[in-house]
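Chemist: Before I ask anything, let me first share the structure, which is written out below as structure tokens.
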Amino acid sequence: MKANLDVLPLSSWIETGDKPLIIAGPCSAETEEQVLETARGIAKEGYAHILRAGVWKPRTRPGSFEGKGEEALPWLQKAKEETGLKTAVEVATPQHVELALKYGVDVLWIGARTTVNPFNVQDLADSLKGVDVPVLIKNPVNPDLALWVGAFERIAGAGINKMGAIHRGFSNAQETKYRNSPMWQIAVEFKTLFPQIPMIGDPSHMAGKRAYLAELTQRAMDLNYDGLIIESHRNPDEAWSDASQQLTPAALGEMLKSIEIRKATYGVDFQSELDRLRQRLDNLDRELLEVLASRMAVVEQLGEYKRDNNVAVLQLDRWKQVHGSRAEWGKSLNLYTEMVEELFKLIHMESIRKQTEVMNQQTA
Ligand code: PEP
Ligand code: MN
1 MKANLDVLPL
11 SSWIETGDKP
21 LIIAGPCSAE
31 TEEQVLETAR
41 GIAKEGYAHI
51 LRAGVWKPRT
61 RPGSFEGKGE
71 EALPWLQKAK
81 EETGLKTAVE
91 VATPQHVELA
101 LKYGVDVLWI
111 GARTTVNPFN
121 VQDLADSLKG
131 VDVPVLIKNP
141 VNPDLALWVG
151 AFERIAGAGI
161 NKMGAIHRGF
171 SNAQETKYRN
181 SPMWQIAVEF
191 KTLFPQIPMI
201 GDPSHMAGKR
211 AYLAELTQRA
221 MDLNYDGLII
231 ESHRNPDEAW
241 SDASQQLTPA
251 ALGEMLKSIE
261 IRKATYGVDF
271 QSELDRLRQR
281 LDNLDRELLE
291 VLASRMAVVE
301 QLGEYKRDNN
311 VAVLQLDRWK
321 QVHGSRAEWG
331 KSLNLYTEMV
341 EELFKLIHME
351 SIRKQTEVMN
361 QQTA
């Protein structure tokens, strides 16, 4: 994928020294008191550079809290005046952009449900023409690198040159550990394509649960992300949205202290090419195993189906077809045929073992 994006370094619009950029704040702005109290807590802790708050909330189902809208923007202004923190909100329409700018919001972000739609992103780009404001773009909800890159191209096309990427993970078809699968490899590929674009991790929306925030934050820091956006609320359990993934400002401070934060600068000075490539391999191997695990889950279902219909585990015709097609697919991907054949023999053996186990479950 080729793209040439003119993006200024993070230091051109925010001063973080040699520390990662930290954006913290509630999922949603709920009341003036809630915004101010949370902002005060965050400012007191001293780790954050920017206060985030959702003012317009893109909800999966109607009827959930959809944000306070314009009414909440003066609360953010007050929080900024009082604490000195810059502010950031999510924008999804040109009207949101207009209002956010009118009330002096410092940084805009485009949410995952907006990045998926090129029409919406283009509308936002058109509304940003001639405006000098940093724009952060969350990955789209589906794992599509080109769609993410396309959003950057559209916003850059409007003349915006202060940009950052937010990696918030990708939605799952099945129940998984995390609310949104990180699929680190996609963000690493993004970083490889655009080393000049700051990468910001969003462990909150990856995790969905407080318990997973630290491990995901550590992972993002290990991958040399330039910053983090983490949800923090004065009283997380009472939050009107995303209650189970938010931390109090103090708990967020504790969590950040437990993270080993390596130098945020991403480049040859701090990380050798060897390390970078090994990290990519680690990520790819994890994904390889995740794919294998999904395959085994399907094998198990197949075993149950065969058992219930009294069909033998091994069907030679099918195996011959699998054997042949995988070797062909491998060849077209420039993979060594013998390796592909050996690999599938192993996978097939394990599938048979698993299905036999399923068969025996009934007789047991
Ligand atoms: C949010 O940041 O609160 C949000 C709605 O996130 P996402 O767009 O990643 O779902
Ligand atoms: Mn949220």
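If you're matching positions, the sequence shown starts at 1 in our numbering and goes up one per residue.
Ideal Cβ placement from N, Cα and C applies to all residues, glycine included.
Since we're looking at a predicted model, the values are computed, not measured.
Among V188, Y178 and L108, which has the Cα closest to the Cα of L281?
Modeler: V188
Chemist: Would you call the CB atoms of Q185 and N334 closer than 8 Å?
Modeler: Q185 is not a Cβ neighbour of N334, given a cutoff of 8 Å.
Chemist: Counting pairs of beta carbons, one from the stretch 37-47 and one from the stretch 213-225, are three or more of them closer than 8 Å?
Modeler: no
Chemist: Look at the alpha carbon of G253 and the alpha carbon of L145, and state the distance between them as a whole number of angstroms.
Modeler: 32 Å
Chemist: DSSP three-state call for K331: helix, strand or coil?
Modeler: helix
Chemist: Is the beta carbon of R113 within less than 7 Å of some heavy atom of the ligand PEP?
Modeler: yes
Chemist: From the DSSP secondary-structure annotation, give me the bridge partner or partners of L108.
Modeler: V89 and V135
Chemist: Would you call the stretch 132-141 in contact with the stretch 152-168, where contact means no fewer than 3 C-beta pairs closer than 8 Å?
Modeler: yes
Chemist: Contact between the stretch 189-199 and the stretch 207-216: three or more CB pairs below 8 Å?
Modeler: Cβ pair count under 8 Å is below three, so no.
Chemist: With 16 other CB atoms within 10 Å as the buried threshold, where does F170 fall?
Modeler: buried
Chemist: Nearest CA to the CA of L247: which residue from E287, S258, L223 and S204?
Modeler: S204
Chemist: Check T297 in the structure and name its three-state DSSP category.
Modeler: As written in the sequence, residue 297 is Ala, which differs from the Thr given in the question. A297: helix per DSSP, three-state reduction.
Chemist: Tell me whether R280, by its Cβ, gets closer than 7 Å to a heavy atom of the ligand PEP.
Modeler: Answer for R280: no, Cβ out of range of the ligand PEP.
Chemist: Can you tell me whether G17 is buried or exposed, with buried defined as 16 or more other CB within 10 angstroms of its CB?
Modeler: The residue in question, G17, is exposed, as its Cβ has fewer than 16 Cβ neighbours within 10 Å.
Chemist: Taking the alpha carbon of M255 as the point to measure from, which residue in L274, A243 and S232 has its own alpha carbon closest?
Modeler: S232
Chemist: Since G84 is in the alpha helix (DSSP H), which residue starts that stretch and which ends it?
Modeler: Looking at the DSSP string, G84 is not in any alpha helix (DSSP H), and its letter there is neither H nor E.
Chemist: In terms of DSSP beta bridges, what is H323 paired with?
Modeler: Note: H323 sits in no beta bridge, so no partner.
Chemist: Check whether the Cβ of S241 sits closer than 7 Å to any heavy atom of the ligand MN, and report yes or no.
Modeler: yes
Chemist: Using the Cα positions of L21 and I14, report the straight-line distance between them to the nearest angstrom.
Modeler: 8 Å
Chemist: Would R168 pass as an interface residue toward chain D - the criterion being a Cβ-Cβ separation below 8 Å?
Modeler: Included in the structure is just one protein chain, with no chain D present.
Chemist: Any heavy atom of the ligand MN closer than 7 Å to the Cβ of G54?
Modeler: Yes, Cβ of G54 sits closer than 7 Å to a heavy atom of the ligand MN.
Chemist: Alpha carbon to alpha carbon, how far is Q315 from V298?
Modeler: 17 Å
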